[in-house]
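**Q** Here it is, the structure, as structure tokens.
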Amino acid sequence: MKNPGWAGETGEFDLTESEVRGAGYVGPQPTEGWEHGGVNAVPYVHADSDPDAPLFQGPYRKRLDTIMSRYPNKRAALLPVLNLAHEIRGYLSQESMDAVAHELEEAPAAVRGVATFYTMYNRRPVGRHLVQVCTNVACNLCGGHEVFEAFLQHTGTEPGQISEDGEFTVMEVECLGACGFPTAVQVNGRYFENVDVAGVPDLLARLKRHGVDPVDGAAEGATSTSTSNGEGTKSKSKSKSTGGEG
Ligand code: FES
Numbered sequence: 007m008k009n010p011g012w013a014g015e016t017g018e019f020d021l022t023e024s025e026v027r028g029a030g031y032v033g034p035q036p037t038e039g040w041e042h043g044g045v046n047a048v049p050y051v052h053a054d055s056d057p058d059a060p061l062f063q064g065p066y067r068k069r070l071d072t073i074m075s076r077y078p079n080k081r082a083a084l085l086p087v088l089n090l091a092h093e094i095r096g097y098l099s100q101e102s103m104d105a106v107a108h109e110l111e112e113a114p115a116a117v118r119g120v121a122t123f124y125t126m127y128n129r130r131p132v133g134r135h136l137v138q139v140c141t142n143v144a145c146n147l148c149g150g151h152e153v154f155e156a157f158l159q160h161t162g163t164e165p166g167q168i169s170e171d172g173e174f175t176v177m178e179v180e181c182l183g184a185c186g187f188p189t190a191v192q193v194n195g196r197y198f199e200n201v202d203v204a205g206v207p208d209l210l211a212r213l214k215r216h217g218v219d220p221v222d223g224a225a226e227g228a229t230s231t232s233t234s235n236g237e238g239t240k241s242k243s244k245s246k247s248t249g250g251e252g
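Counting with my numbering, you get residues 7 to 252 for the letters of the sequence shown.
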């Protein structure tokens with residue numbers, strides 16, 4: 007994709023999305039058991055993230071270099087590089103923040119100051135599926151808190167804990183920007199909308215079996231919006247759901 011302007015005055019870049027972000031970021035949307043949303047948030051949590059993975063090696067070194075090439079100086083790449091470290095390990099440890107500081111030739115305290123400002127960065131390891139339940143006004147009026155409690159109950163966890171099987175961490179979050187489709191739940195960056203208490207066990211079972219990707223053959227009659235082909239392509243078929251388009 008052409009992304010003129012992304013790097014300000016430094017010119018145009020002709021990079022594919024997969025070159026910038028890596029492949030496999032966003033799979034097709036789930037199509038059963040709840041109303042799926044049309045929103046593709048930027049997913050920084052992968053089910054296969056590894057808390058002990060080496061940072062910035064192999065393909066990740068290449069991605070780091072690609073990210074850096076898009077910015078006029080190293081400091082400007084701070085957030086994308088933190089995102090990359092977060093994606094690799096699923097959270098930002100002190101060591102990860104120091105590694106980012108090393109790569110960007112920044113003071114470790116400066117990197118920590120930024121990393122700890124944003125609540126979207128996990129500061130502890132999380133389960134394979136990070137379930138973020140919105141309990142802000144619109145969702146709460148429609149049972150968001152009950153949905154949150156149901157996720158905790160069915161995963162046997164307290165907020166922020168990893169379930170015994172390592173599959174889930176449930177968190178309460180503020181508005182996910184999908185207020186028209188309460189209760190909104192974000193799982194590893196994928197939005198699930200109109201989630202209710204009754205749908206929670208099914209959603210958890212489905213995530214365990216298939217992750218956030220759809221079941222094979224389940225796309226019939228559904229809307230899917232995918233950027234997984236690395237080109238940001240959106241494809242749609244007829245929808246039987248009332249799921250939003252973001
Ligand atoms: S209040 Fe829940 S998404 Fe906005």
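Idealized CB from N, CA, C, for every residue including glycine. Just so we're clear, the structure is a prediction, and the values are computed from it rather than from any experiment.
Work out the CA separation of Ala107 and Val45 for me, nearest whole Å.
**A** Stepping through the sequence shown from its first residue, residue 45 is reached at position 39. Stepping through the sequence shown from its first residue, residue 107 is reached at position 101. With a pLDDT of only 37 at Val45, under 50, the local geometry of the prediction cannot be trusted, and the value read off the model is given with reservation. If you take the alpha carbons of Val45 and Ala107, they lie about 32 angstroms apart.
**Q** Rounded to whole angstroms, how far is the Cβ of Cys145 from the Cβ of Ala190, which I believe are closer than 8 angstroms?
**A** Looking up residue 145 in the sequence shown gives position 139. Looking up residue 190 in the sequence shown gives position 184. With 8 angstroms as the limit, Cys145 and Ala190 qualify as a contact, their Cβ atoms being about 6 angstroms apart.
**Q** Taking 7 angstroms as the cut-off, is the C-beta of Ala156 nearer than that to any heavy atom in ligand 1?
**A** As a position in the sequence shown, residue 156 is number 150, starting the count at 1. Answer for Ala156: no, Cβ out of range of ligand 1.
**Q** Count the other CB atoms within 10 Å of the CB of Thr125; is the residue buried (16 or more) or exposed (fewer)?
**A** The count along the sequence shown starts at 1 and reaches residue 125 at position 119. Exposed.
**Q** Sorry if obvious, but does the Cβ on Asn200 come closer than 7 angstroms to a heavy atom of ligand 1?
**A** Here residue 200 refers to the residue found at position 194 of the sequence shown. No, Cβ of Asn200 sits at least 7 angstroms from all heavy atoms of ligand 1.
**Q** Let's see if you can read the secondary structure: which residues bound the beta strand (DSSP E) around Thr175?
**A** Counting from 1 along the sequence shown, the entry for residue 175 is found at position 169. Residues Phe174 to Val179.
**Q** Gly96 to Gln167, Cα distance in whole Å?
**A** Translated into the one-based positions of the sequence shown, residue 96 becomes position 90. Translated into the one-based positions of the sequence shown, residue 167 becomes position 161. Roughly 14 angstroms separates the two Cα atoms.
**Q** Assess contact between the stretch 147-162 and the stretch 115-130, defined as three or more Cβ pairs (one per stretch) separated by less than 8 angstroms. Is contact present?
**A** Short answer: they don't touch.
**Q** Which stretch, first to last residue, makes up the beta strand (DSSP E) that contains Cys140?
**A** Working through the sequence shown from its first residue, we reach residue 140 at position 134. First-last of the beta strand (DSSP E) with Cys140: His135 to Cys140.
**Q** Taking Cβ positions, are Ala83 and Ile94 nearer each other than 8 angstroms?
**A** Taking the first residue of the sequence shown as 1, we reach residue 83 at position 77. Taking the first residue of the sequence shown as 1, we reach residue 94 at position 88. No, they are not a contact pair.
**Q** Buried or exposed, going by whether 16 or more other CB atoms sit within 10 Å of the CB of Ser75?
**A** Here residue 75 corresponds to residue number 69 of the sequence shown, with the count starting at 1. Exposed.
**Q** Does the beta carbon of Val193 fall short of 7 angstroms from some heavy atom of ligand 1?
**A** Numbered from its first residue, the sequence shown carries residue 193 at position 187. Flag unset: Cβ of Val193 not near ligand 1.
**Q** Compute every distance between the C-beta of Val153 and the non-hydrogen atoms of ligand 1, then say whether any falls below 7 angstroms.
**A** Here residue 153 corresponds to residue number 147 of the sequence shown, with the count starting at 1. Incorrect: Val153 has no Cβ contact closer than 7 angstroms to ligand 1.
**Q** Just to confirm, is the Cβ distance from Val218 to Val193 under 8 angstroms?
**A** Along the sequence shown, one-based indexing puts residue 218 at 212. Along the sequence shown, one-based indexing puts residue 193 at 187. Yes.
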